[in-house]
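The numbering of the sequence shown is our numbering, which starts it at 48 and goes up by one.
Backbone N, C-alpha and C define an ideal beta-carbon position, used for all residues, glycine too.
Quick caveat: nothing in here was measured; it's all calculated off a predicted structure.
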Amino acid sequence: MEPQRKIRIGDLLVQNRIISHDQLINALSEQKKTGRKLGRTLIDLNYISETDLLNFLSRQLQIPFLDIAQYKRKPEVCKELPENLARRFRVMLLESNPHDILLAMADPTDLMGLDEISRVLKKRIRQAVVRESDLLTAIDQAYRRTEEISNLAEQLSDELSEHNFDFNNLLSNVEISDAPVVKLLQSIFEDAVQTSASDIHIEPDEKVLRIRQRIDGVLNEQVLDSINIAPALVVRLKLMCGLNISEKRLPQDGRFSIRIKNKNLDVRLSTLPIQNGESIVMRILDQSKGLLDLELLGMPAELLTRFKAHIRNPHGLILVTGPTGSGKTTTLYAALSAVNFPQTKIITAEDPVEYSLPRVNQAQINEKIGLSFASVLRSALRQDPDVILVGEIRDRETAEIAVRASITGHLVFSTLHTNGAVETATRLLDMGIEGYILASSLKVIVAQRLVRKICDRCAETVAIKEDQTIWLEQSFGLRASEIAFKKGAGCQHCNHIGYRGRVGVYELLEMRHETLDALRRNDSAGFIAAARATPGFKTFTEQALELVKQGATTLHEVMRISEV
48 MEPQRKIRIG DLLVQNRIIS HDQLINALSE QKKTGRKLGR TLIDLNYISE
98 TDLLNFLSRQ LQIPFLDIAQ YKRKPEVCKE LPENLARRFR VMLLESNPHD
148 ILLAMADPTD LMGLDEISRV LKKRIRQAVV RESDLLTAID QAYRRTEEIS
198 NLAEQLSDEL SEHNFDFNNL LSNVEISDAP VVKLLQSIFE DAVQTSASDI
248 HIEPDEKVLR IRQRIDGVLN EQVLDSINIA PALVVRLKLM CGLNISEKRL
298 PQDGRFSIRI KNKNLDVRLS TLPIQNGESI VMRILDQSKG LLDLELLGMP
348 AELLTRFKAH IRNPHGLILV TGPTGSGKTT TLYAALSAVN FPQTKIITAE
398 DPVEYSLPRV NQAQINEKIG LSFASVLRSA LRQDPDVILV GEIRDRETAE
448 IAVRASITGH LVFSTLHTNG AVETATRLLD MGIEGYILAS SLKVIVAQRL
498 VRKICDRCAE TVAIKEDQTI WLEQSFGLRA SEIAFKKGAG CQHCNHIGYR
548 GRVGVYELLE MRHETLDALR RNDSAGFIAA ARATPGFKTF TEQALELVKQ
598 GATTLHEVMR ISEV
């Protein structure tokens, strides 16, 4: 099919009584102010849905309306069209043969785009219309930086082998922004942003360099043959953090901020001397996302109501527990945001401070100069606080100060690294905290884990294995035949993983007469028994199985967090 002639979308929509004449006049007026295309303006004004508009264009132009998220694309075909043209005209190349091409377009009436692409590719164009949001996601996925990272790594490796220069002198000159090492790091960060990675690992091996990204809690690896570029990457990253580039024998920690793809990223960096050089791990914090609201954490409604009731108390100790990367900080920041009012003085002691909170006095722990959790907490109590957040209870001294602060009229939030809510209080007893004091302060314990969510674009019903069926029936009395188990088949939307995003599962343990009585007796075994018998208490596994029944996650994820 040849490129379509220009059509007047507004007039056709009015003629077909899809929008009114007045709505068209208003949209044209708004279009003059914003400069956006008429179709997008009509959608933004809620005069027509995107799906209805695209179906209308499909009928009028006699071209197919495709779901590009489900379309099985070939990366090598997509990249025949230069990325700058794909992004400029909001198009993607789906099919290519010696005679013609299939082009996905958000606006199939864009004659300028069609003319330019026809000129560049010199082929007849067949069109398909697609949703703009899905197209932009597909473009990000199609033009991922993995190939660019490999090419830049090879370029840098060749340059290093040809020229014997001092990296420290080269890379300390920030004006050399076109140095291959800088371009390589930029590509690494752009790829991490496109895949929503939470961490980047740069690990020199004996003969290769591994760059791994943690996406939805799971590492994805890219292997580069150019091992000799590792020192250059380490030096540049150390300079960005202001670290000592000559110190290669001791671990170092730092942080820096960068702007990638219109996003402000705060990067925490850790170095570790290993056998083949220095390992770098960078935690990426997207400051542009903002903080989660408690309502968006994914807590079940009943559990959320109970938790919100406790954070409104004027005093007491609230503990959030879980392993590293389980979302404890997100939960605590959401809780602080819920009690952050002009009349409330909030002080935090954190290591490190991950996100800046308005109206909150956040103190950064620095053990090297003696600024520990305990010392900051003592000083914080002299600052007339109403609410205190202790980033982590690591020792008896910090635990004692936190517990006593909660008894003397302060609401105290803190974290512990424990396997579950039930074990948390006994951990404090093991630290040496007197049970009768703990019983006077502890109000509620929230333990959490994160499970991956099934990609909603490629979810399909599957059968489970026999051993999983037995586990369900024997451990929980559930009949597998009564549950529609799902998994993600893998598609472009989820990078063929089958999962996209994560959701929290929680244990919430409220202190009752039986549990508090066991604490007063320093009776760990009695506390555990009483906690498990608490009305309304559900384990991680029971919460996660509810998500399986809803088709939100897989049984494999449930068994993973259940350690079976």
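I want to see whether chain C comes within less than 9 Å of K534, judged by CB atoms only; does it?
In the structure shown, chain C does not exist; there is a single protein chain.
Just the Cα atoms here: how many angstroms apart are R451 and Y402?
Taking the straight line joining both Cα atoms gives about 27 Å.
Own chain residues within Cβ distance below 7 Å of N267, not counting five before or after:
Around N267: R259, Q260.
Which residues in the same chain as L463 place their Cβ atom closer than 7 Å to its Cβ, once the five residues preceding and following it in sequence are excluded?
Taking C-beta separations shorter than 7 Å and ignoring five residues to either side along the sequence, the partners of L463 in its chain run L366, T368, I440, T471, R474, following chain order.
In terms of DSSP beta bridges, what is T395 paired with?
Answer is Q409, L436, bridged to T395.
G86 classed as buried or exposed, judged by whether at least 16 other C-beta atoms fall within 10 angstroms
By the 10 Å Cβ count, G86 comes out buried.
Report the three-state DSSP secondary structure of L497 (helix, strand or coil).
Of the three classes helix, strand and coil, the one that applies to L497 here is strand, per DSSP.
Answer with buried or exposed for E627, where buried requires no fewer than 16 other C-beta atoms within 10 angstroms of its C-beta.
Since the first and last residues shown for the chain are 48 and 611, residue 627 lies out of range.
Would you be able to state if there are at least three C-beta pairs under 8 Å between the stretch 593 to 611 and the stretch 526 to 542?
Between the stretch 526 to 542 and the stretch 593 to 611 there are three or more inter-stretch CB-CB distances shorter than 8 Å, so the stretches are counted as touching.
To the nearest angstrom, how far is it from the Cα of G289 to the Cα of G324?
Distance between G289 and G324, taken at the CA atoms: about 19 Å.
In terms of residues, what are the limits of the alpha helix (DSSP H) holding R173?
It is not in any alpha helix (DSSP H) - R173 instead sits in the beta strand (DSSP E) that spans 171 to 176.
Nearest neighbour of R296, chosen from N311, R302, R283, L319 [CA to CA]:
The shortest C-alpha separation from R296 is found at L319.
Within the continuous alpha helix (DSSP H) that includes Q107, where are the two ends?
Residues 97 to 108.
On a CA-only basis, which of T376, I454, G417 is nearest L404? Give me that one, please.
L404 has its Cα closest to that of T376, out of T376, I454, G417.
Only counting the same chain, and skipping five residues up and downstream in sequence, which positions put a Cβ closer than 7 Å to that of R568?
Around R568: G482.
Between the C-alpha atoms of Q515 and L566, what's the straight-line distance to the nearest angstrom?
Q515 and L566: Cα-Cα distance of roughly 37 Å.
Tell me which residues share the same chain as N291 and place their Cβ nearer than 8 Å to its Cβ, disregarding the 5 neighbours each side in the sequence.
The answer, listed in chain order, is K285, Q299.
Helix, strand or coil: how does DSSP classify A591 here?
Reduced to three states, the DSSP call for A591 is helix.
Hey, D181 and I115 are a contact pair by Cβ (cut 8 Å); roughly how many whole angstroms apart?
Contact flag correct, Cβ pair sits at about 5 Å.
Beta-bridge partners of Q269, as assigned by DSSP:
BP columns for Q269 point to I258.
Checking the sheet assignment: what are the DSSP bridge partners for F236?
Within the DSSP bridge table, the entry for F236 names no partner.
Would the beta-carbon of I393 fall within 9 Å of that of I358?
Contact flag unset, no.
Put Q430 into one of helix, strand or coil per three-state DSSP.
DSSP places Q430 outside both helix and strand once states are collapsed to three, so it counts as coil.
Chain-order list of residues whose beta-carbon lies under 6 Å from that of A382 (same chain, five-residue window excluded)
Within its own chain, the residues whose Cβ lies closer than 6 Å to the Cβ of A382, once the five positions on either side in sequence are excluded, are I358, listed in chain order.
A446 and E554 - do their beta-carbons sit closer together than 9 Å?
Using a Cβ distance threshold of 9 Å, E554 and A446 do not count as a contacting pair.
DSSP state of P347, grouped into three classes?
The answer is coil: DSSP assigns P347 none of H, G, I, E or B.
Helix or strand or just coil, what does DSSP make of G548?
In the three-state reduction of the DSSP assignment, G548 falls in the strand class.
Between S304 and D313, how many whole angstroms is the CB-CB distance? I'm expecting something under 8 Å.
Contact between S304 and D313 holds, since their C-beta atoms are separated by about 5 Å, short of 8 Å.
Is the stretch 139 to 153 close to the stretch 167 to 186, with three or more CB pairs under 8 Å?
Judged by Cβ distances under 8 Å, the stretch 139 to 153 makes contact with the stretch 167 to 186, as three or more pairs qualify.
Enclosing beta strand (DSSP E) for Q299 [first to last residue]
Its beta strand (DSSP E) spans residues 299 to 307.
Buried or exposed by the 16-neighbour rule on C-beta atoms within 10 Å, applied to H540:
Under this definition H540 is a buried residue.
Please work out which residues of its chain come closer than 7 Å, Cβ to Cβ, to L149, disregarding the five sequence neighbours upstream and downstream, and give them in chain order.
So the qualifying residues of the chain are L141, E142, R173, A175.
First and last residue of the alpha helix (DSSP H) that includes N311?
It is not in any alpha helix (DSSP H) - N311 instead sits in the beta strand (DSSP E) that spans 310 to 321.
Helix, strand or coil for F214? Go by DSSP, reduced to three states.
Because F214 carries a pLDDT of 36, less than 50, the predicted location of this residue cannot be relied on, and the following value inherits that uncertainty. In the structure shown, F214 sits in a helix (DSSP, three-state: H, G or I).
Got a sec, what are the start and stop residues for the alpha helix (DSSP H) P122 sits in?
Counting along the chain, the alpha helix (DSSP H) containing P122 begins and ends at 122 to 125.
Considering only the alpha carbon of each residue, which of L168, F112, V229 lies closest to V124?
The shortest C-alpha separation from V124 is found at L168.
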